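Engineer: In the working numbering, the protein residues as written are 4 to 219. Just passing along the structure, written as structure tokens.
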Amino acid sequence: MTAAADPDREESLGACRRCPRLAAFRDATKRAHPSYACRPVPAFGSPDARIVIVGLAPGLHGANATGRPFTGDFAGILLYSTLHRLGLASQARSEHVADGLRLHDCRITNAVKCVPPDNRPLAAEIHNCRPYLAAELARQPPGGVIMALGRIAHEAVLRALGQPLAPYRFAHGARHVLAGRTLWDSYHCSRYNTQTRRLSEASFRAVFEAALGEGP
Ligand code: URA
């Protein structure tokens with residue numbers, strides 16, 4: 004059983020104010036930056052894509068500003084260039100929603116749809132956002148691949164799918180077989196992980212290549 008996997012949830016996302024701290028932060032950011040979107044950021048890509056990539060949450064001056072996951076964020080530089088190299092994105096760069104970028108059989112979303120202060124969502128906020136993630140995952144066709152970027156995304160995916168955490172430990176490159184689909188883990192492509200060399204371009208790409216090798 005997934006956590007309230009009601010596809011209508013996806014449609015109601017834009018009006019969500021379920022997390023008072025995040026709603027207040029969005030409002031304050033909108034006052035400071037009127038040109039920013041400052042809304043819950045919906046998934047990008049076709050709902051029936053075979054691959055769903057799950058990040059953490061929109062970045063303050065990136066996805067929160069542009070309204071598209073990883074678009075304008077530092078973390079998006081490595082993500083979109085990798086997707087382009089592997090034929091999953093039509094362009095290597097993603098800076099604006101009107102840039103014409105298309106994803107191929109791939110969808111990108113976040114465990115938490117609203118920008119959190121200091122990039123750190125609270126446990127209650129991850130919990131509140133779970134029905135949206137569950138609804139997105141429920142629309143993925145059977146046999147699909149989920150790529151979790153970081154431990155928080157990994158745990159959010161398991162909870163959204165109604166799975167226990169203990170049998171599925173997060174590790175870079177780990178592959179977990181779940182009912183009807185496969186969950187892959189990667190370190191998050193954040194500035195911190197790339198600048199500290201925890202994550203290289205090659206090791207990020209290698210996880211995607213392994214996941215793509217799963218076949219149709
Ligand atoms: N931008 C996103 O949309 N998600 C992340 O996890 C990081 C930056």
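No residue lacks a Cβ here, since even glycine has one placed at the ideal position from N, Cα and C. Because the structure is a prediction, the values reported are computed rather than measured.
Please tell me whether, using a cut-off of 7 Å, the distance from the CB of His191 to the nearest non-hydrogen atom of ligand 1 is below it.
Structural biologist: Under cutoff, so the answer is yes.
Engineer: In whole angstroms, what separates the C-alpha of Gly183 from that of Leu164?
Structural biologist: Roughly 11 Å separates the two Cα atoms.
Engineer: Note down, in chain order, each residue of its chain lying with its Cβ closer than 7 Å to the Cβ of Ala95, except the 5 sequence neighbours on either side.
Structural biologist: The residues are Tyr83, Ser84 and His87.
Engineer: By the three-class DSSP mapping on this structure, what secondary structure does Ala151 have?
Structural biologist: Looking at Ala151 - three-state DSSP - the assignment turns out to be strand.
Engineer: Going by other Cβ atoms of all chains shown within 10 Å of its Cβ, with 16 needed for buried, is Arg34 buried or exposed?
Structural biologist: Per the 10 Å Cβ criterion, exposed.
Engineer: Buried or exposed, going by whether 16 or more other CB atoms sit within 10 Å of the CB of Tyr195?
Structural biologist: Tyr195 is exposed by the Cβ-count criterion.
Engineer: Put Ala100 into one of helix, strand or coil per three-state DSSP.
Structural biologist: Reading the sequence as shown, one finds Val at residue 100 and not Ala. DSSP places Val100 in coil when its eight states are reduced to three.
Engineer: Rank His99, Val115, Pro37 and Leu91 by C-alpha distance to the C-alpha of Cys109 and give the top, closest one.
Structural biologist: The candidate whose alpha carbon is nearest that of Cys109 is Leu91.
Engineer: Strictly under 8 Å for the Cβ-Cβ distance: is Val118 near chain B by that measure?
Structural biologist: The chain inventory of the structure shown lacks chain B, comprising one protein chain alone.
Engineer: Buried or exposed for Val180, going by 16 or more other Cβ atoms inside 10 Å?
Structural biologist: It counts as exposed.
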